[in-house]
Amino acid sequence: DAKTTQPPSMDCAEGRAANLPCNHSTISGNEYVYWYRQIHSQGPQYIIHGLKNNETNEMASLIITEDRKSSTLILPHATLRDTAVYYCIVREYTDKLIFGTGTRLQVFP
Amino acid sequence: EAEVAQSPRYKITEKSQAVAFWCDPISGHATLYWYRQILGQGPELLVQFQDESVVDDSQLPKDRFSAERLKGVDSTLKIQPAELGDSAMYLCASSQGWETEYFGPGTRLLVL
C-alpha cells in the first residue's frame, strides 16, 4: 500500500504557482520523498526527490517539513502542459516505487 | 535525450490469445522494470530485472505472465492466454542501479 495521502484533485490558474501537498506521517529516517507526474496517455515522468532538505530543479521545488511528515511540490509558474496526475511516493533508496492514485492537477487558462 | 522504447504502443486482442510486449531500456541501464496500470490507478510493479536476472516478480501472475531479458538489454513481457481483466497500460522503466527510474510511453492493451 502507498504510504502517502494526497488530495484527489486540484485546480490552478495558468501562470500561478501550483502547490501540491502530500502527507507521509509514517515516513522513516531512511525514506526519501519522490515526485512523479503522468500526463494523459504517457508514462510517468520523474520530477524531483529529497530526503530532509528542500530541493529545487528546473521543473519544480520540493519543500519538506522539519518533522518530515509532509511535503509540498511547487510548480512556480504552471502552464497548461503541467496538467497531469502527480504522484508523491515515499521509499527507501533500494525499495521499489509504490504508486498511489495521486493528485489530478488541472491547469486552466 | 535517451528514452525507453516500447512497442507496440497499442494492442487489441481477443481473450485466450497470446500477446507480447517489447521494451528497450536506456543504454547502460542495468535495472529494468515492467509495470501494469489499470485505468484510474497508479502503476503497479510486475517484475524487476537486474541485468538478466529477476530481482522481484512477486506481483507477476505467473500462471499466465512471463518476462525475460535474455542478454540483459531489451526485454519481453508475454501474456498467454490473455483475459478480459488484463486490459491495462503496460509500462517499462529502466534505471542505473537504484537511481531514478525512467519510464517508456507504455503499451495500451485491450482484451475483447
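Listed in order, the protein sequences are those of chains A and B.
In my numbering, each number is its position in the first sequence, counted from 1, plus 628.
In my numbering, each number is its position in the second sequence, counted from 1, plus 1087.
The C-beta atom is built at its ideal place from N, Cα and C for all residues, glycine as well.
Bear in mind that the values here come from a model prediction, so they are computed numbers and not experimental data.
With 8 Å as the limit, tell me which residues of the segment 699-710 of chain A have their beta carbon closer than that to any beta carbon of chain B; keep them in chain order. Under the 8 Å Cβ criterion, the segment 699-710 of chain A contributes no residue.
Roughly how many whole angstroms lie between the Cα atoms of Asp1144(B) and Thr1194(B)? Each residue's alpha carbon lies about 20 Å from the other.
So, do the segment 1183-1194 of chain B and the segment 666-675 of chain A have three or more beta carbon pairs nearer to each other than 8 Å? Yes, since at least three Cβ pairs between the segment 1183-1194 of chain B and the segment 666-675 of chain A fall closer than 8 Å, the two stretches touch.
Secondary structure of Gly678(A), DSSP reduced to three states: If DSSP states are grouped into helix, strand and coil, Gly678(A) belongs with the strands.
Taking only beta carbons into account, state which residues of the segment 660-681 of chain A come closer than 9 Å to chain B, listed in chain order. The residues in question are Tyr662, Tyr664, Gln666, Ser669, Gln670, Gly671, Pro672, Gln673, Tyr674 and His677.
Just verifying my parser: in three-state terms, what is the DSSP assignment at Leu1126(B)? If DSSP states are grouped into helix, strand and coil, Leu1126(B) belongs with coil.
Measure from the C-beta of Gly1193(B) to each C-beta in chain A and report whether the shortest distance is under 7 Å. Gly1193(B) counts as touching chain A.
Below-7 Å beta-carbon distance, Thr632(A) vs any chain B residue: Chain B contact via Cβ: absent.
Using DSSP with H/G/I as helix, E/B as strand and the rest coil, what is Asp639(A)? DSSP, read as helix, strand or coil, puts Asp639(A) in strand.
So, with DSSP's three-state summary, where would you put Arg1195(B)? Strand at Arg1195(B).
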